[in-house]
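Peer 1:
In the numbering used here, the protein residues as written are 2 to 142.
1) Does residue 46 come out as helix, strand or coil in the three-state DSSP assignment?
2) Over the uninterrupted alpha helix (DSSP H) stretch that includes residue 52, give me the two end residues.
3) With distances taken between CB atoms, is the gap from residue 89 to residue 66 smaller than 8 Å?
4) Taking the alpha-carbon positions, what's the residue 20 to residue 100 distance?
5) Does the beta-carbon of residue 93 have 16 or more other beta-carbons within 10 angstroms, so that it is buried, or is it exposed?
In structure tokens, the structure reads:
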């Protein structure tokens, strides 16, 4: 078993379900001074794709922000455009493994209380449709 330390490991553990572990992670983005935009992982004519394909495309598009970024945006909701409220924002850069060995990603969904909520979705547990969007950022400072 690897003793690798991931950037998201240092985050408050109460946000991560008990017993889950991080199996892949990316370095946190420096979101201050960045413009964030959503991107679709679907190609023209596609209605949905499997989770592994979505993960590959996210990495190719450099739209694979991680759990540290999800937590940052959950705590700085003013940085999330109102236009994004119609989609779930997926953070594909951090992969979690639950107690059964299933893999999950964090995502933000807009809802109750007129705010964004940090949730988790099983990678192979959904059809990855256009309801989900990836995030990428560009430096405009």
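Using N, Cα and C, we set each Cβ at its ideal position, and we do this for glycine too.
Peer 2: If we stick to the structure as given:
1) Locating residue 46 in the chain shown gives position 45, where the first residue counts as 1. Residue state, collapsed to three classes: coil.
2) Counted from its first residue, the chain shown places residue 52 at position 51. Residue 52 -> alpha helix (DSSP H) spans 52 to 61.
3) What you label residue 89 is simply residue 88 of the chain shown in a count that begins at 1. What you label residue 66 is simply residue 65 of the chain shown in a count that begins at 1. No, the pair does not count as a contact, with Cβ atoms beyond the cut-off.
4) For the purposes of this step, residue 20 is identified with residue 19 of the chain shown, where counting begins at 1. For the purposes of this step, residue 100 is identified with residue 99 of the chain shown, where counting begins at 1. Distance between the alpha carbons of residue 20 and residue 100: 6 Å.
5) To locate residue 93, count along the chain shown from 1; it is residue 92. Burial call: buried.
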